[in-house]
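Going by the working numbering, the sequence shown opens with residue 966, and the numbers climb by one from there.
Backbone N, C-alpha and C fix where the C-beta goes; we use that ideal spot for every residue, glycine too.
A quick note: this is a predicted structure, and the numbers were derived from the prediction, not measured.
So the structure is just underneath, and the comments pick up after that.
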Amino acid sequence: MEYNTVESLETLRKEAAAEFDAIASGQDAENFRVKYLGKKGILRDLVKSLGAMPPEERKVFGAAANALRGDIEGRFSEAPWQNKGAAAPDPGFDPTLPGYPFPSGSLHPLATIRRQIVDILVSMGFSIAYGPEIESDYYNFQALNMPPLHPARDMQDTFYMSENTVLRTHTSPVQIRVMEGQKPPIRAIMPGRVYRNEEISARSYCMFHQVEGLYVDENVSFADLKGTLLAFSRRFFDENTRIKIRPSFFPFTEPSVEVDVECFLCKGKGCSICKQSGWLEILGAGMVHPNVLKSGGIDPEKYSGFAFGMGIERIALLKYGIDDIRLFYENDVRFLRQF
Ligand code: PHE
966 MEYNTVESLE TLRKEAAAEF DAIASGQDAE NFRVKYLGKK GILRDLVKSL
1016 GAMPPEERKV FGAAANALRG DIEGRFSEAP WQNKGAAAPD PGFDPTLPGY
1066 PFPSGSLHPL ATIRRQIVDI LVSMGFSIAY GPEIESDYYN FQALNMPPLH
1116 PARDMQDTFY MSENTVLRTH TSPVQIRVME GQKPPIRAIM PGRVYRNEEI
1166 SARSYCMFHQ VEGLYVDENV SFADLKGTLL AFSRRFFDEN TRIKIRPSFF
1216 PFTEPSVEVD VECFLCKGKG CSICKQSGWL EILGAGMVHP NVLKSGGIDP
1266 EKYSGFAFGM GIERIALLKY GIDDIRLFYE NDVRFLRQF
């Protein structure tokens, strides 16, 4: 249709309005813009009709055409969906509907337990240190008073990467790295992964996690170790928990002990978690061996220290009453969702 009379402009206005109201997508809007407002659009073309008109008509038509163009441009640019290039409203979308519930994840049980352990010890004044999981024979064994051929190396089921490189079998090598890097007083905890070439079963896995603790200063005594572990156990398990300290052996501590806590489930009466003993073994500890202080560049005549190491999996198994360690590593959401 030719738009060259004022009446025809009214038709054009109605057509454009109907198309404008039908805009339902960004593509519709763009089509509308090109058709009416583009360089070769209908509204631009109107001026071309002017040349052929007698002056009187030209004046009236020109004014009407300009007004129409202004109206359409205005409505188009002020349309609510024009904002920041947002797409035209989808008529099927109801913004008043409630949103979808967003499924949120949760912490892995080992992460939860590690954080609880670390938070308590940090609040007691320990700072956090880390060391490598691929470790030299020197740090994993020799510096910890286990020279080559020491029988205690057998207990560790070591994964060897090469003759002198191992996957660390415990977090104790980080003790040496910490002592090398700072002077007493030293109060550090060292959380991390460790590896042992054990048969995989419900009770043991080839990889697990430990938190190591180290305290070195003048006059650190066994009483400090006892007090620290008792305070830790009471914060972690129960404020009335008792602990039991049994003699044990580690090459890097002397004397060495193992520490049991009163079973938090039966309060010492005996149950399936504590195998009717009333006690749960949670960690190994002792006074740092003079040779180990020396490895760390610390004078054992002047300083003494205590160290402890606990297994995160073991504590998590006990605390949650889980009977198979492999569940921690399978990432089965049916298991993980329970935490
Ligand atoms: N490193 C020992 C282990 O893995 C635990 C331990 C750490 C014992 C520190 C005493 C002192 O079994």
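>> At a cut-off of 8 Å, would you count Thr1206 as near the ligand PHE, judging by its Cβ distance to the nearest heavy atom?
In response: By 1-based counting over the sequence shown, the position of residue 1206 is 241. Outside the cutoff, so no.
> On the three-pair Cβ rule with 8 Å, is the stretch 1203-1216 touching the stretch 1088-1105?
Replying inline: At 8 Å Cβ cutoff, the stretches do not touch.
> Do you know offhand how far Pro1020's Cα is from Arg1040's?
Replying inline: The residue you call residue 1020 lines up with position 55 of the sequence shown. The residue you call residue 1040 lines up with position 75 of the sequence shown. Taking the straight line from one Cα to the other gives about 30 Å.
> How about Gly1261 and Ser1221: are their beta carbons less than 9 Å apart?
Replying inline: Within the sequence shown, the letter at position 296 stands for residue 1261. Within the sequence shown, the letter at position 256 stands for residue 1221. It is not a contact, given that the beta carbons lie outside the stated cut-off.
> When the Cα atoms are used, what is the spatial distance from Ala983 to Leu1008?
Replying inline: Counting from one through the sequence shown, the residue named residue 983 turns up at place 18. Counting from one through the sequence shown, the residue named residue 1008 turns up at place 43. Approximately 16 Å between the Cα atoms of the pair.
> Which two residues bound the contiguous alpha helix (DSSP H) that contains Ser1088?
Replying inline: Here residue 1088 corresponds to residue number 123 of the sequence shown, with the count starting at 1. For Ser1088, the enclosing alpha helix (DSSP H) starts and ends at 1074-1088.
> Less than 8 Å between the CB of Val1131 and some heavy atom of the ligand PHE, yes or no?
Replying inline: In the sequence shown, counting from the first residue as 1, residue 1131 sits at position 166. It does not: the Cβ of Val1131 is nowhere closer than 8 Å to a heavy atom of the ligand PHE.
> How is the alpha helix (DSSP H) around Phe1273 delimited, first residue to last?
Replying inline: In the sequence shown, residue 1273 corresponds to position 308, counting from 1. First-last for Phe1273: 1269-1276, but that is the beta strand (DSSP E), not the alpha helix (DSSP H).
>> At the level of alpha carbons, what is the spacing between Arg1168 and Ile1085?
In response: For the purposes of this step, residue 1168 is taken as residue 203 along the sequence shown, with counting starting at 1. For the purposes of this step, residue 1085 is taken as residue 120 along the sequence shown, with counting starting at 1. If you take the alpha carbons of Arg1168 and Ile1085, they lie about 27 Å apart.
> Do Gln1107 and the ligand PHE come close, with the Cβ less than 8 Å from some heavy atom?
Replying inline: Numbered from 1 along the sequence shown, position 142 holds the residue referred to as residue 1107. No, the ligand PHE has no heavy atom inside 8 Å of this Cβ.
> Going by other Cβ atoms of all chains shown within 10 Å of its Cβ, with 16 needed for buried, is Leu1072 buried or exposed?
Replying inline: By 1-based counting over the sequence shown, the position of residue 1072 is 107. Looking at its Cβ environment, which holds fewer than 16 other Cβ atoms inside 10 Å, Leu1072 is exposed.
>> Using beta carbons (cut-off 9 Å, strictly below), is Phe1273 in contact with chain D?
In response: In summary, chain D is missing from the structure at hand, where a single protein chain is found.
> Is any heavy atom of the ligand PHE found at a distance shorter than 8 Å from the C-beta of Phe965?
Replying inline: Not covered by the structure: residue 965. The range shown for the chain is 966 to 1304.
>> Please give the ranges of any beta strand (DSSP E) in the stretch 1169-1194, keeping only runs that are unbroken, at least 3 residues long and fully inside the region.
In response: 1172-1182
> Is Gly1235 near the ligand PHE, in the sense that its beta carbon is under 8 Å from a heavy atom of that ligand?
Replying inline: For the purposes of this step, residue 1235 is identified with residue 270 of the sequence shown, where counting begins at 1. Gly1235 Cβ: outside cutoff for every heavy atom of the ligand PHE.
> With respect to the beta strand (DSSP E) encompassing Gly1035, which residues constitute its N-terminal and C-terminal limits?
Replying inline: Looking up residue 1035 in the sequence shown gives position 70. Where Gly1035 is concerned, there is no enclosing beta strand (DSSP E), although the alpha helix (DSSP H) it sits in stretches over 1020-1043.
>> Measuring straight from C-alpha to C-alpha, what distance separates Lys1000 and Gly1006?
In response: The residue labelled residue 1000 in the question sits at position 35 within the sequence shown. The residue labelled residue 1006 in the question sits at position 41 within the sequence shown. Each residue's alpha carbon lies about 5 Å from the other.
> Between Arg1034 and the rest of its own chain, which residues show a CB-CB distance below 6 Å, the 5 nearest in sequence each way excluded?
Replying inline: Translated into the one-based positions of the sequence shown, residue 1034 becomes position 69. Excluding residues within five positions, the ones whose Cβ falls inside 6 Å are Leu1008.
> Ordered along the chain, which non-local residues of its own chain (more than five positions away) have a Cβ less than 7 Å from that of Ala1117?
Replying inline: Within the sequence shown, the letter at position 152 stands for residue 1117. Only Met1111, Pro1216 meet the Cβ criterion.
> So, helix, strand or coil for Arg1161, using DSSP?
Replying inline: What you label residue 1161 is simply residue 196 of the sequence shown in a count that begins at 1. Residue state, collapsed to three classes: coil.
>> So, with DSSP's three-state summary, where would you put Leu1248?
In response: Translated into the one-based positions of the sequence shown, residue 1248 becomes position 283. The answer is strand: DSSP assigns Leu1248 an E or B state.
>> In this structure, how does DSSP classify Met1111 when only helix, strand and coil are distinguished?
In response: As a working note, residue 1111 is residue 146 in the sequence shown. The answer is coil: DSSP assigns Met1111 none of H, G, I, E or B.
> Who are the Cβ neighbours of Thr1206 in its own chain at under 6 Å, not counting the five residues just before and after it?
Replying inline: Stepping through the sequence shown from its first residue, residue 1206 is reached at position 241. Apart from sequence neighbours up to five positions away, the residues of its chain that approach Thr1206 with a beta-carbon distance below 6 Å are Ser1198, Arg1199, Val1226, Glu1227, ordered along the chain.
> On the three-pair Cβ rule with 8 Å, is the stretch 1119-1132 touching the stretch 1227-1242?
Replying inline: In short, these stretches do not touch, since the Cβ pair count stays below three.
>> So, with DSSP's three-state summary, where would you put Ala981?
In response: The residue you call residue 981 lines up with position 16 of the sequence shown. It is helical.
>> The alpha helix (DSSP H) that contains Pro1138, what's its start and end?
In response: Within the sequence shown, residue 1138 is the residue found at index 173, counting from 1. Pro1138 -> alpha helix (DSSP H) spans 1138-1146.
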